[in-house]
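For reference, the structure discussed in these notes is given below.
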Amino acid sequence: MSSGSNAGAARKDATRGNRLTGHSTAPLHPLLKKGSCPAMPPRSNTKLGAKWQLDAALLSRPVDLTALVSLSQTSPDDFYEDDTLSRMVKLLLNAESDKKADKDTRLDVLTILSNLAASSEGKRRDDIREALDNVNDFMEQYLEKESSGSEPELHKLMLLLLARCFEYSIKTEDLLELCRGDRALGLETVVGLLEDGETYTTELRRKQAPAMGRMGQWEHRLVCHRHETPLVLQLCRLVRGFTLPQSYFAAGEKLLEKDIASFNDEMNLLLEITLKSRLVEKLSLACYEGLFAVSDDDLKEDEHRSIACVHSFLQNMYFYATSKTEVYRRHLLCDTPLIQRLVLPYLERGAAQAASLQCHADSYGRGDFKKRQSVKPLAAGVSASLRTLVVASFRAPPTRTVVALLKRLNPTAALLEAPSFVAAHDRIFALLLLLNANMGALELGREAESKDENPHELLHGLARVYQMIDGDARERVRRIVKESGALPVARDTPSFAAVLQMLNDGASQRQLEYVRGSPGARSPLAPSDSDDDGATAEPEYSTRAEAKADSLRRQRDAKEAKPRSLLGDLPSLERRRPEVEDDDDYVEPALEVYRARPSDDVPPEFRCAINGHLLKEPARTPQGLVFERATIKLWLETRGSVCPLTGEALTLDDLI
1 MSSGSNAGAA RKDATRGNRL TGHSTAPLHP LLKKGSCPAM PPRSNTKLGA KWQLDAALLS
61 RPVDLTALVS LSQTSPDDFY EDDTLSRMVK LLLNAESDKK ADKDTRLDVL TILSNLAASS
121 EGKRRDDIRE ALDNVNDFME QYLEKESSGS EPELHKLMLL LLARCFEYSI KTEDLLELCR
181 GDRALGLETV VGLLEDGETY TTELRRKQAP AMGRMGQWEH RLVCHRHETP LVLQLCRLVR
241 GFTLPQSYFA AGEKLLEKDI ASFNDEMNLL LEITLKSRLV EKLSLACYEG LFAVSDDDLK
301 EDEHRSIACV HSFLQNMYFY ATSKTEVYRR HLLCDTPLIQ RLVLPYLERG AAQAASLQCH
361 ADSYGRGDFK KRQSVKPLAA GVSASLRTLV VASFRAPPTR TVVALLKRLN PTAALLEAPS
421 FVAAHDRIFA LLLLLNANMG ALELGREAES KDENPHELLH GLARVYQMID GDARERVRRI
481 VKESGALPVA RDTPSFAAVL QMLNDGASQR QLEYVRGSPG ARSPLAPSDS DDDGATAEPE
541 YSTRAEAKAD SLRRQRDAKE AKPRSLLGDL PSLERRRPEV EDDDDYVEPA LEVYRARPSD
601 DVPPEFRCAI NGHLLKEPAR TPQGLVFERA TIKLWLETRG SVCPLTGEAL TLDDLI
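So for the sequence shown, full-length UniProt numbering puts the first residue at 1; every next one is plus one.
This is how it looks when you write it as C-alpha cells:
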C-alpha cells in the first residue's frame with residue numbers, strides 16, 4: 001500500500017475517533033494498542049477528573065495509568081468524589097489477565113494509592129483501607145510469583161502503601177506475612193525502599209520578573225523529593241525485628257538444637273545481604289537527612305526509639321551471626337558513614353538535650369532523672385549508640401581517618417556536661433568507660449594528637465561522676481566493666497588499667513599500704529617516720545609529663561641542695577635507684593612499686609617474685625613462680641590476664 005493510501009486511512013481512523021467521542025456509536029477499532037489511541041477531546045461540560053481519566057485508560061491494553069499517577073500528586077481530592085479507588089482495585093489489581101493489567105499497571109495502582117495515603121488523613125485514609133479490603137487471593141498469588149524476580153518492586157510499593165495507610169505502625173511480623181515468611185525478601189524490600197527514598201521532578205520557576213523594558217525569565221529546576229521522616233523511622237523499627245528471636249520462634253514452642261542452628265544460618269544470610277546491599281550506609285544517610293540535616297530541635301520520643309532500633313539491629317547482627325563478624329565490625333567503622341552521619345550527630349544532640357533537661361531539673365529542684373518520662377527514650381538511644389561505638393572501636397587500626405576523627409570528637413566530654421544524667425544511668429557510665437578503653441583515650445603517657453585530647457582531664461571528669469554514683473550502682477558498673485558480656489573490650493591496654501584503677505578507688509594506693517606493712521625493707525615510695533602531715537608519698541600530677549619532669553627536677557636538686565634540717569634526718573634521694581637513660585616518651589602507669597632489697601638468707605621460695613617481700617599467703621603459677629596472693633591478684637585485675645615475669649596467659653583460677 002502506498003504512503004498516500006496510508007495517510008488516507010489514518011485520517012479516516014482519526015475521523016472515526018472524533019465521532020466516538022461525540023454521538024457516534026461505532027465500535028472501537030480492534031487493532032488499537034496501548035499508546036496508539038489518538039487524543040480524544042471531551043465534551044465541553046465534561047470534567048477531566050480521576051473518573052474520566054480512568055475510563056479513558058481502561059480503553060487501552062494493557063491499561064496505562066500514567067496520567068492518573070500525575071493527577072494523584074497534583075489533585076488528590078478528585079479520587080474521593082466517586083468510586084474510583086475501589087474500581088482501580090477490583091478491575092486492575094485483581095485482574096487475572098496480564099493483557100489487561102500487567103506488572104506496570106499494578107505498580108501504577110499501588111503508586112497512586114500510596115500517593116493518596118501520604119497526602120490524606122482521617123476519613124480519606126479509611127476510604128483507602130476500605131478499597132484495599134477488596135484485594136482478592138489472586139493478587140496475593142501474583143505477589144508470591146513476582147517475589148522470585150531480581151527486584152521486589154511490588155513488595156516495596158505494598159509496604160509503602162500499608163505504612164502510610166496504617167499511620168506508620170507496621171510491625172516486622174506484618175512485613176514477614178506480606179513476604180510469606182521470606183526474611184531475606186523482607187530485608188531486601190526495606191533496602192529497596194531506602195534506595196528509592198529520593199525522587200526527582202522538574203518544576204518551572206520564575207527566575208526574573210517582567211518589568212518595564214525587561215522580559216520575564218523562567219527556568220526548569222530539578223527538585224528532589226525525599227520520603228517523609230515518619231516513613232524513615234518506620235523502616236528503622238522494621239529492621240530491628242529481623243534480628244529478634246521472637247520473630248523466628250513463637251512463644252511456648254519447644255526449641256531444638258537444629259532450630260537454634262537454623263537461626264544462626266538466618267543471621268548469616270541477613271549479614272550477607274547487609275554487607276552486599278550497603279544497608280548500614282543507607283540507614284545512616286536516611287536518618288541523617290531526616291533528623292539532623294533539616295533541624296536542630298530536640299528529638300522526640302519516637303525518634304529516640306527509632307535510633308535505638310537501628311543500633312539494636314546492628315549489634316544483634318554482630319552478636320548472633322557466626323561468620324564474617326570481624327569483616328562486619330571493620331565495615332561498620334571504616335566502610336560506612338555510620339560514625340560521621342548517625343552516631344556522633346545523635347550523641348551530640350542527645351548530650352545537649354540531657355544538659356538542657358539537667359538544667360531544667362536543677363532549676364526546679366528535681367534531680368531524679370530516672371523517674372522522668374522524657375529521659376527514658378533519650379537514655380535508651382544514648383546507651384544503644386555507645387554500645388555500637390564499643391563494638392566498632394575494638395582493635396580499630398589507629399591509622400584510619402575515622403579512628404582519628406572519633407578520638408578528636410570523643411562524645412565523652414559532651415556527655416559529662418550533664419553529670420547528673422550520666423550518674424543516674426550507670427549503664428551509660430560503664431559504656432563510656434569501655435569506649436575510652438577501646439579507643440585508648442586514657443593513656444596518660446601518650447602524647448596528645450590534638451589539643452582536644454586531654455586524657456587526664458577526661459579521667460578526672462569520669463572519676464568525678466563516679467563519685468556521684470551510689471553504692472549499688474557502683475557495683476553494677478564494676479561488674480559491667482569487668483565482665484562486659486558480649487561486648488568486645490581491649491583489656492590489655494593502659495587505658496583499661498586506668499579505668500580499673502579508678503573503679504577500685506586507687507589500686508596503686510592499696511598496693512603501697514601493703515608494702516608499708518611488709519616485714520621487708522622499706523620502699524622508698526613509703527613516707528618517712530618523721531612525716532607528720534599524714535600524706536602519702538605519691539604526688540598527684542595533672543599529666544604524666546609533669547610527673548616525669550618533677551622526678552628529674554628532684555634528682556637534680558638532690559645533687560645541688562643540702563637536706564632540709566627542718567624535716568629531720570631524711571634519707572638521701574640519691575639512694576632511690578640508679579639513673580637510667582630516659583629515651584622513651586612512654587611512662588608506665590603508677591602501679592609498680594620499687595623492689596625492696598631482700599635478705600640474702602631467705603630462700604627464693606619464700607619471697608614474692610614481684611617485689612621480693614616475705615610471703616604471707618603464697619600463690620604458685622603453673623610455671624613454678626611464687627607470688628604473694630594479694631599482689632598477683634592486684635596485678636591480674638589491673639594489668640590483664642598476663643604473668644608479670646614470663647608474659648604468658650595467667651588467670652586467678654590458674655593459681656595454686
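Even for Gly, the Cβ is constructed at its ideal location relative to N, Cα and C. Nothing here was measured: the structure is a model prediction, and the numbers come from that model.
Problem set entry | Inside the region 66-90 only - alpha helix (DSSP H) runs reaching at least 4 residues | 66-74 and 84-88
Exercise. Just to confirm, are S385 and L347 a CB contact at a threshold of 7 Å?
Worked result: yes
Problem set entry | Best match in L231, F394 and R349 for proximity to A286 [C-alpha to C-alpha] | L231
Exercise. Of the residues P488, N436 and D426, which one's Cα is nearest the Cα of V465?
Worked result: D426
Exercise. Secondary structure at K207, three-state DSSP: helix, strand or coil?
Worked result: strand
Exercise. What number of angstroms, rounded off, separates the C-alpha of R180 from the C-alpha of L434?
Worked result: 42 Å
For this session: Please name the residue, chosen from L338, E188 and D296, that lies closest to S277 on a Cα-to-Cα basis.
Result: E188
Exercise. Less than 7 Å separating the beta-carbons of L54 and T74?
Worked result: no
Exercise. In whole angstroms, what separates the C-alpha of R476 from that of P397?
Worked result: 30 Å
Exercise. Anyone know if the C-beta pair for T401 and G440 falls short of 7 Å?
Worked result: no
Exercise. Can you tell me the Cα-Cα spacing of L444 and A630, whole angstroms?
Worked result: 26 Å
For this session: Check V310 in the structure and name its three-state DSSP category.
Result: helix
Exercise. What first and last residue would you give for the beta strand (DSSP E) that runs through F627?
Worked result: V626 to E628
Problem set entry | R620 - containing beta strand (DSSP E), residue span | P618 to R620
For this session: Compare the C-alpha of L93 against each of S72, S120 and A131 and name the closest.
Result: A131
Exercise. Taking the alpha helix (DSSP H) that M212 falls in, what are its first and last residues?
Worked result: Unbroken run through M212: none, as it is neither H nor E.
For this session: Measure the alpha-carbon distance for H460 versus Y320 and round it to whole angstroms.
Result: 37 Å
For this session: Alpha carbon to alpha carbon, how far is A497 from F627? Give it in angstroms, no decimals.
Result: 20 Å
For this session: Identify whether H220 lies in helix, strand or coil by the three-state DSSP scheme.
Result: strand
Exercise. If we count Cβ pairs, one from each stretch, closer than 8 Å, do we get three or more for the region 411-420 versus the region 321-338?
Worked result: no
Exercise. Do you know how far the Cα of G624 is from the Cα of S641?
Worked result: 17 Å
Problem set entry | Residue from N436, E289 and I480 with nearest C-alpha to S495 | N436
Exercise. Under a Cβ-count criterion, where at least 16 other Cβ atoms within 10 Å of its own Cβ denotes burial, should R214 be classed as buried or exposed?
Worked result: exposed
Exercise. Taking the alpha helix (DSSP H) that P230 falls in, what are its first and last residues?
Worked result: T229 to G241
For this session: For D470, count neighbouring C-beta atoms within 10 Å of its own C-beta (all shown protein chains included) and say buried if the count is 16 or more, exposed if not.
Result: exposed
Exercise. For F293, which of L655, V403, A117 and T229 has the nearest alpha-carbon?
Worked result: Position check: residue 293 holds Ala in this sequence, whereas Phe was assumed. Ranking L655, V403, A117 and T229 by Cα distance to A293 puts T229 first.
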